[in-house]
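As structure tokens, the structure follows; a few thoughts come after it.
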Amino acid sequence: MVQAYILIQTEVGRARDVAAQISNISGVIRVDAVVGPYDVVVLTEAATVDELGKIVVSKVQLVPGITRTLTCSVVRL
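Every number in our numbering is 2 more than the matching position in the sequence shown, counting from 1.
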């Protein structure tokens with residue numbers, strides 16, 4: 003399994019709606035609204051890097067209210 007954190011910036015006032023919609027996506031493990039340069043942080047998990055990419059591009063980034071995402075792959079050190 004591969005995991006990644008997705009850091010999300012949203013339109014003003016949309017963080018709650020974005021977090022709620024993302025929490026229903028298959029492969030999403032955790033969703034947190036945060037303060038700072040990002041509005042929502044999401045932990046995702048998939049069997050392969052390609053599947054993880056599909057979650058980000060085909061599901062998460064299509065949620066209305068998102069303006070920018072940054073995906074950070076988890077590594078095991």
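No residue lacks a Cβ here, since even glycine has one placed at the ideal position from N, Cα and C.
Sequence-distant residues of its chain with Cβ nearer than 7 Å to R78 (five each side left out): Numbered from 1 along the sequence shown, position 76 holds the residue referred to as residue 78. Counting only Cβ-Cβ distances below 7 Å, and skipping sequence neighbours, we find nothing.
From L45, D41 and T71, residue whose alpha carbon lies closest to that of A32: Locating residue 32 in the sequence shown gives position 30, where the first residue counts as 1. Looking at the sequence itself, residue 32 is Arg, so the reference to Ala does not match. Looking at the Cα atoms, L45 is the closest of the given residues.
Identified DSSP bridge partners for T46: Along the sequence shown, read from residue 1 onward, the residue named residue 46 stands at position 44. In the DSSP output, where bridge partners are listed per residue, T46 has A6 and V30.
V65 to V4 span [Cα, whole Å]: Position 63 of the sequence shown, counted from the first residue, corresponds to residue 65. Position 2 of the sequence shown, counted from the first residue, corresponds to residue 4. Cα to Cα, V65 sits roughly 22 Å from V4.
Closer than 7 Å: S25 CB and nearest the ligand PLP heavy atom: With respect to the ligand PLP, the structure shown offers nothing to examine, as it has no ligands at all.
For L54, three-class secondary structure by DSSP: Within the sequence shown, numbered from 1, the residue matching residue 54 stands at position 52. Note: L54 maps to helix in three-state DSSP.
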